[in-house]
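Peer 1: Let me begin by handing over the structure; questions about it come next.
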Amino acid sequence: NQMTANATTAKDKENAEVPVAKISVFVRVRPMIQKETTLDTAFACTETNPPSQVLVKEFTEKANDYLRHHRLKTRSYTFDEVFGPDSSQQAVYQSCAAPLIDHIAAGGNATCFCYGATGAGKTHTMLGTREAPGVMVLTLQEIFERLGGAHGQHKIKLSYLEIYCEQVRDLLATDYRRANGPSASAASGATTARGTRGSNAAGLSLRARDQSSARGGVESVSASGLSVHDVNSAKDVLDLLHLGNSRRRTESTRSNDASSRSHAILQCYIPVVMPDGRAKMTKLSLIDLAGSERALATEGRSVRSTEGANINKSLLALSSCIHALCEGKRHIPFRNSKLTQLLRDSLGGAAKTVMIANVSPCSTQIGETTNTLHWANRAKEIRSVQVEETQFPAWVGIGPQAALASQANGVEME
Ligand code: ADP
Ligand code: MG
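Below, the structure written as structure tokens:
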């Protein structure tokens, strides 16, 4: 059959042109917490079978003692690696984030984000506590150890921002109230932060830098007026993270609802010297996403029908982008939200992306767990659409083409 033959050829060709598996997907099942273990009808229904399998035991009726021993179905999912309730912060970091440092050392960009329902363990995984620091801290620590804090006069720089109700807030602004408070005036589009003197306003605006579009590249987007901080040690990082975190909506409003709707994004700009001696600025984004419950509840509906339904636009848009990337679509709807605009240069393309799906083991959360695992499973199939060249904001100090030859006394960047 001629038509079938042609179709097969076209399909093969398409597949050959689209490399698959650009995202590594991990799952972490947290321990049962006290409020779950003390609940009569609740028990652990999600288990890990290391190194890579997660098992979810499903029940048709509300769990009780009888059903506890009479499960109807066990669903199993396979990921790059799974982490059970006893896994340490260090183990999660080693498998998920440490490989990103190799990618950065080679001059690439990287992103690691945590996805999951509220209470599933995202913040614990990303930020952790002072006693048990999470991925953000451990990664930066290792970057300082392996890559040093600076090359020549170019240091590692950080920004920490929050997206809440589609407003971008600078969590590290020197004068946080003035910068982000309701009385602040709108950000002037011309303000670009230098050093720590970020002056900005309620909801920073995003600016695209699309010099590369003429070459078919992809623009990168940054928040104008976002403060950028030189860091010299892992301790500097820790201090900034704790400052930023104390300013998250979670903290300031003490509202569970607010906490579940805010995304925290740590952006790190890291100068590296590549094996051929050229210097390059790389970007690493570490992201604690908002709770996935709302986005998932509305997945599949049109954007219009979800308007006003109090859903998280950024999370829904991220979901759509991942969907489009999985299908190898040419058009990826990055423009639909603040989050996806900021992640444009870090999803698909040449960037290395790691997703950690966090789930609760508790039977009361089985709906959220199944949704999260389903979504994570789909994300494994992300295909690279095009190779992207990041356009860095001016304050980074070097352009895209930029990597200049190293000199005897250190490295110079344009
Ligand atoms: P999320 O950020 O996804 O809403 P959290 O990280 O705040 O969830 O976790 C919810 C609760 O579970 C917190 O009390 C946290 O300390 C606890 N928790 C989460 N993950 C773990 C873990 N791996 N080990 C121990 N406790 C955890
Ligand atoms: Mg959280």
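In the working numbering, the protein residues as written are 1197 to 1610.
Note that the Cβ used here is the ideal one computed from N, Cα and C, for glycine as well.
1. Give the DSSP bridge partners of C1464, in chain order.
2. Return the first residue and the last residue of the beta strand (DSSP E) that S1420 is part of.
3. Mind checking N1428: buried by the 16 CB within 10 Å criterion, or exposed?
4. Let me check you understand the geometry: is the CB of K1318 closer than 7 Å to at least one non-hydrogen atom of ligand 2?
5. With a threshold of 8 Å on Cβ separation, who are the neighbours of G1304 within its own chain once the five nearest residues in sequence on each side are excluded?
6. Would you list, in sequence order, the uninterrupted beta strand (DSSP E) runs of no fewer than 3 residues that lie entirely inside the stretch 1262–1340?
7. Report the option in T1319, A1301, S1291, Y1273 whose CA atom is closest to the CA atom of S1220.
8. With burial defined as no fewer than 16 other Cβ atoms inside 10 Å of the residue's Cβ, what is the status of S1442: buried or exposed?
9. Is any non-hydrogen atom of ligand 2 found closer than 7 Å to the C-beta of D1484, if you look at the structure I gave you?
10. Would the beta-carbon of N1428 be found less than 7 Å away from any heavy atom of ligand 1?
11. Go ahead and pull the three-state DSSP assignment for A1553.
12. Buried or exposed: where does N1245 fall if 16 or more other Cβ atoms within 10 Å of its Cβ makes it buried?
13. With DSSP as the reference, identify every bridge partner of L1437, one or two as the case may be.
14. Any heavy atom of ligand 1 closer than 7 Å to the CB of R1226?
15. Could you pull the DSSP bridge partners for C1361 from this structure?
16. Taking 8 Å as the threshold (C-beta atoms), are Y1356 and G1440 in contact?
17. How many angstroms separate the CA atom of T1565 from the CA atom of D1282?
18. Run through DSSP, which three-state label would N1567 get?
19. Look at the alpha carbon of S1456 and the alpha carbon of K1318, and state the distance between them as a whole number of angstroms.
20. Let me check you understand the geometry: is the CB of I1300 closer than 7 Å to at least one non-hydrogen atom of ligand 1?
21. Give me, in chain order, the residues of the same chain whose beta-carbon lies closer than 6 Å to that of Y1615; leave out the 5 immediate sequence neighbours on both sides.
22. Checking 8 Å against the spacing of the C-beta atoms, do M1332 and L1323 come in under that value?
23. According to DSSP, A1475 sits in a beta bridge with which residue or residues?
24. Per DSSP, which residues does C1558 bridge with? Please list them.
25. Indicate the three-state DSSP secondary structure (helix, strand or coil) for L1492 in the structure shown.
26. My guess is that F1340 and V1550 are in contact by the Cβ rule of under 8 Å, so how many angstroms apart are they, rounded?
27. Whole angstroms are fine: how far does the CA of K1509 sit from the CA of S1533?
28. Is T1274 near ligand 1, going by C-beta to nearest heavy atom under 7 Å?
29. Which same chain residues, not among the five before or five after A1316, have their C-beta less than 6 Å away from its C-beta?
30. If I follow the unbroken beta strand (DSSP E) through K1253, where does it start and stop?
31. On the DSSP letters alone, give me the boundaries of the beta strand (DSSP E) that S1220 sits inside.
Peer 2: Put simply:
1. Its beta-bridge partners are L1354, L1480.
2. In this chain, S1420 is not harboured by any beta strand (DSSP E), its DSSP state being neither H nor E.
3. By the 10 Å Cβ count, N1428 comes out exposed.
4. Under cutoff, so the answer is yes.
5. T1478, A1546, A1547, K1548, listed in sequence order.
6. Fully enclosed beta strand (DSSP E) runs of 3 or longer: 1269–1274, 1277–1279, 1306–1311.
7. Each of T1319, A1301, S1291, Y1273 was checked against the Cα of S1220, and the nearest Cα belongs to S1291.
8. Around the Cβ of S1442, a 10 Å sphere holds fewer than 16 other Cβ atoms; the residue is exposed.
9. Yes, the beta carbon of D1484 sits closer than 7 Å to at least one heavy atom of ligand 2.
10. Checking the Cβ of N1428 against ligand 1 gives no.
11. DSSP, read as helix, strand or coil, puts A1553 in strand.
12. It counts as exposed.
13. Looking at the DSSP assignment, L1437 forms no beta bridge with any residue, so it has no partner.
14. Yes, the beta carbon of R1226 sits closer than 7 Å to at least one heavy atom of ligand 1.
15. None, per the DSSP bridge assignment.
16. A contact, by the Cβ cut-off of 8 Å.
17. Approximately 18 Å between the Cα atoms of the pair.
18. Assignment of N1567 by DSSP, reduced to helix, strand and coil, places it in the helix class.
19. One Cα belongs to S1456, the other to K1318, and the distance between them is close to 10 Å.
20. The answer is no for I1300.
21. The requested residue 1615 is not part of the displayed model; the chain covers only 1197 to 1610.
22. Note that the C-beta distance between M1332 and L1323 is below 8 Å.
23. BP columns for A1475 point to V1469.
24. As a beta-bridge residue in DSSP terms, C1558 pairs with A1240.
25. At L1492, the pLDDT of 46 sits below 50, so the modelled position is not reliable; the number obtained from the coordinates is stated separately. DSSP, read as helix, strand or coil, puts L1492 in helix.
26. Contact flag wrong, Cβ pair sits at about 20 Å.
27. Looking at the backbone, the Cα of S1533 and that of K1509 are separated by about 6 Å.
28. The closest heavy atom of ligand 1 lies 7 Å or more from the beta carbon of T1274.
29. N1554, V1555, S1556.
30. Annotation: the continuous beta strand (DSSP E) that includes K1253 extends over 1249–1254.
31. Run containing S1220: 1219–1225, per the beta strand (DSSP E) assignment.
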